[in-house]
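Chains as they are written, first to last, in the numbering used here: chain A, 1 to 221; chain B, 222 to 1066.
In this text, a Cβ means the ideal position worked out from N, Cα and C, and glycines have one as well.
Beneath this line is the structure, given in structure tokens, with notes to follow.
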Ligand SMILES: Nc1ncnc2c1ncn2[C@@H]1O[C@H](COP(=O)(O)OP(=O)(O)O)[C@@H](O)[C@H]1O
Ligand SMILES: [Mg+2]
């Protein structure tokens, strides 16, 4: 199996006034293609920070991060944007759909951005696959939380990314909806052979991943 | 390494921009409205100006009365030369003169000082005369003692067709009424006129000067001839004749063109002020718009949009918006042309129709673009502050205006371009620059004022009154709209108050000059041998009359230091009137009291045989004349050389006897001359116009009050128009303020909710916004009044050289009405947030 992601001695400090908080310390991690990983840990332990580093949304204070053969710790913001756009899908706890775009438009956005043919049609197919056939032209405000998260997942996987990052994707949902989202995610990852890194508090959900990483006080334990 | 995309495709950016715009336009409606109003005003000004100029240019020949005009002034001219012209072109002779026109056979006969135009059957060579009834124009050529009068004479003298009127000692039959003549450029714009046949002249005994006699020959070239060749031929023909002035169509209506230029420059400056005030609001609304879209921007960034692309989408939305707005604004301005035409055709006999001009449209679009870009640079740059990582943390901090060194520099450059656009090509660039200087100083001071108020109130520690406390909190809080309110309201109010003060001062000056300085009557055309009769008759009517009689002679400046001034002084020169035609001059033994000498010495009595000239100092400055320069004057066909010996300060506005040139009496008394008189009666009713005309039929009598009331009526109209247009800046200021309040609405709503929870009564909440208003408005008014006083004083005293006085009433009325409207607006916009629904807000927070 080939390596997808490799972190070497990554440190992340936040400056809080004069004091510097060590959020992540000496993180070294290697993941493979098609691997599913769950990250667990107490609140404030640094899980989100780690995801942000991997997604290139935060700059490491020191250490190197390779995504495939891009050394993203050395690239500019725009270059990282470009890699993220094509290879990484991100799912948030609070969904974050663009409020004045319909479900289809939200999904089609990334497809258009990357010059896919027929973005609307592809977006509809994806939404259909997630059981949202009757919600194509609804605005986010007209969708339930579970539906919103399904649209968000559709958006993040529209480009068939090699890696999906999810930060507590079910954190804002009830247990019934949580299960549906988890099913959708894991089924998709299995079908398409995508790699998944997911932060969660939900033990059941965490256990569905092949590999489990626990973080405590900014360190992998 | 895979090659990285630098940016997304333009077509996508356009697509997103259009989509976002079509869904978000309501949120930026205040941008749309303010931009539209200010661009509409600018469009209207440019369109009407252009339509007017086009009308003047299109009708240049009609306005002049021919392809060329040969003007011989008071003399009949060289008939031999004229005859030669008739061999290759059509010539129409026209003689104009001024005289009194009186009703006859009534108990109370009335008379009017009138310009009479005698024309031959070829008149008009271009354009047409509008008159009633049919056939009247032919009658004046065929029947002796017939005359056409203009509508105003017809109304004022209450005439009917076929009435008899008296001109000097002759009776004329009024055969028709003229509503318009094509060659208005020859007429005094506001004067009354009549038209008679060519044979009329022989019937009347016209005196040389008082009648302002003028002989003109209008020439129409033959269709097949090359106009340039014919023009050159005529020029060549008259080359040796110093008494003649040749005029061309392009010079026609130059006075009118100057008025139009000045007026449109002034109005353009008002409109750019409105636009800049709108810009303050645009920046504010745009910032809140970006803050509302904070999350969407973060999502776009997370999905791989570059900051640059997102900014491009926002700029493009503005661009599309601007394009639509400027097209609509420009298009709608065409509808104003017929309305303007209604007034213009009445006042000037011009008929304007809207002209499309691509240059104007581009200029309007460019001005809008510059204002938009200048004010959106710091706002749209704020997009850089939005980070995709916010999405993980679930916090969206509001972005702030962002000024980098580069963006400040760019803004300043664009601002300079904007100012240049309004300065270059304007009638008086220096005024434009001065105006911009004043505008930005005011802006800065109002900005500092807002900071000062915030600073002072922060220092203040009041705990006694809760309403007062919260209102102070509102003014001083970080996101407060105090600076925006103070700047936009301050500028608008300053502009309006300044113009109001200038207006009232002008009106007062004019009204005041009637009883105080100005005489009641001007008398023209008093002949040498009539002088004693005239004097004794006046004194007989009122022996305490204040009578001033001065000799006058007409002269034309043909050379200055040996060079024809028309060859280097253009019509755009302020003192062009001095050299353009014959002017009347006088002479006195000692310097007039109201004409102080500022340079040189009074007459050199040792040189009685040399003409010495005292010149108006302003004219000297405009024409660049130094003491000791020589003028060659044409006086009754004789060329006489004279030296400039001193400069006087002349104030033409006091309506007493004022001349640009005065001569030394020793020399001038030898020239044949007439007299001009002014009279101020103890009791005006004692003067009997008709009796005077019985005695001296060729005398011309001008009643100052009539003349002044005409000027006042026109000024009043202009004043109303100017006030209306400048009120636009207030309207825009108010829109800016209300949009700022709405932008602040969410905060207000939450705040009012907290008040509600804390147990505030509605009354206390209202009271606090009232106090807030009073603090802000009072300080704005105080500063605005101060600026208005300084500004209007400068305009009255420095630019117009008139007396300035403070007028409390107008300031009070204006300030209180603006205050009331502002208060009403603030209350109305706040009312929405007065009844917050507790539940949804708590859930959201
Ligand atoms: N911008 C920031 N500035 C300072 N400290 C931060 C910032 N963001 C996060 N932190 C701190 O970093 C630590 C890790 O945060 P996070 O990665 O969000 O933890 P988790 O997702 O595991 O709950 C926390 O202690 C948090 O307080
Ligand atoms: Mg977290």
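At least 8 Å separates the beta-carbon of residue 57 (chain A) from that of residue 10 (chain A).
For residue 584 (chain B), the CB contacts under 8 Å within the same chain, skipping 5 residues up- and downstream, are 267, 642 in chain order. Sequence-ordered contacts of the stretch 173 to 185 of chain A with chain B are nonexistent [C-beta pairs closer than 9 Å].
Here the C-alpha atom of residue 71 (chain A) lies approximately 57 Å from the C-alpha atom of residue 552 (chain B). In the structure shown, residue 802 (chain B) adopts coil according to DSSP, grouped into three states.
Screening all residues for a C-beta within a distance smaller than 6 Å of any heavy atom in ligand 1 leaves A:14, A:16, A:21, A:23, A:41, A:43, A:44, A:45, A:46, A:47, A:48, A:49, in chain order. By the beta-carbon neighbour count (other beta carbons within 10 angstroms, threshold 16), residue 324 (chain B) is buried.
Set against 7 Å, the gap from the CB of residue 167 (chain A) to the closest heavy atom of ligand 2 is smaller. Counting only runs of 3 or more residues that sit fully inside the stretch 863 to 940 of chain B, the beta strand (DSSP E) segments are 882 to 884, 895 to 901, 921 to 924, in chain order. A contact between stretches requires three or more CB pairs, one per stretch, nearer than 8 Å, and the stretch 844 to 857 of chain B fails this requirement with the stretch 753 to 772 of chain B. The beta carbon of residue 916 (chain B) lies closer than 7 Å to those of 754, 758 in the same chain, with the five residues before and after it left out. Around the beta carbon of residue 125 (chain A), fewer than 16 other beta carbons lie within 10 angstroms, which makes this residue exposed. Residue 141 (chain A) is classed as exposed because its beta carbon has fewer than 16 other beta carbons within 10 Å across all chains shown. Shown here, residue 362 (chain B) sits in a helix according to DSSP, grouped into three states. Scanning chain B for C-beta atoms nearer than 7 Å to the C-beta of residue 94 (chain A) yields 615, reported in chain order. Annotation: the continuous alpha helix (DSSP H) that includes residue 148 (chain A) extends over 145 to 157. Linking residue 1017 (chain B) to residue 289 (chain B) through their CA atoms gives a straight-line distance of about 40 Å. As DSSP reads the structure, residue 823 (chain B) sits in no beta bridge. By the Cβ test, the stretch 686 to 702 of chain B is not in contact with the stretch 636 to 650 of chain B, since fewer than three Cβ pairs between them sit closer than 8 Å. Taken in chain order, the unbroken stretches of alpha helix (DSSP H) that lie wholly in the stretch 707 to 767 of chain B and span 4 residues or more are 752 to 762. Listed as beta-bridge partners of residue 66 (chain A) by DSSP are A:6, A:71. By the C-beta density criterion, residue 436 (chain B) is buried, having at least 16 other C-beta atoms within 10 angstroms. Nearest Cα to residue 463 (chain B) within the set B:803, B:474, B:715: B:803.
Only residues of its own chain outside the window of five on either side were considered, and among them 316, 339 have a CB closer than 7 Å to the CB of residue 422 (chain B), listed in chain order. With at least 16 other beta carbons inside 10 angstroms of its own, residue 151 (chain A) counts as buried. Take residue 281 (chain B), set aside five residues on each side of it, and the residues of its chain with a beta-carbon closer than 7 Å to its own are 470, 471, 473, in chain order. Within chain A, the residues placing a beta-carbon under 8 Å from that of residue 609 (chain B) are 57, ordered along the chain.
Here residue 778 (chain B) is near residue 854 (chain B), since their CB atoms are less than 8 Å apart.
Check the Cα spacing between residue 530 (chain B) and each of A:173, A:207, A:113: the tightest is with A:113.
When CB distances to chain B are screened at a threshold of 9 Å, the residues of the stretch 104 to 122 of chain A falling below it are 105, 106, 109, 110, 112, 113, 114, 115, in chain order. At a cut-off of 8 Å between beta carbons, residue 964 (chain B) makes no contact with chain A. Counting C-beta atoms within 10 angstroms of its own C-beta, residue 135 (chain A) has 16 or more neighbours from the protein chains shown and is therefore classed as buried. Not a single CB atom of chain B sits nearer than 8 Å to the CB of residue 13 (chain A). When C-beta atoms of the stretch 154 to 172 of chain A are compared with those of the stretch 194 to 201 of chain A, three or more pairs fall below 8 Å, so the two segments count as touching.
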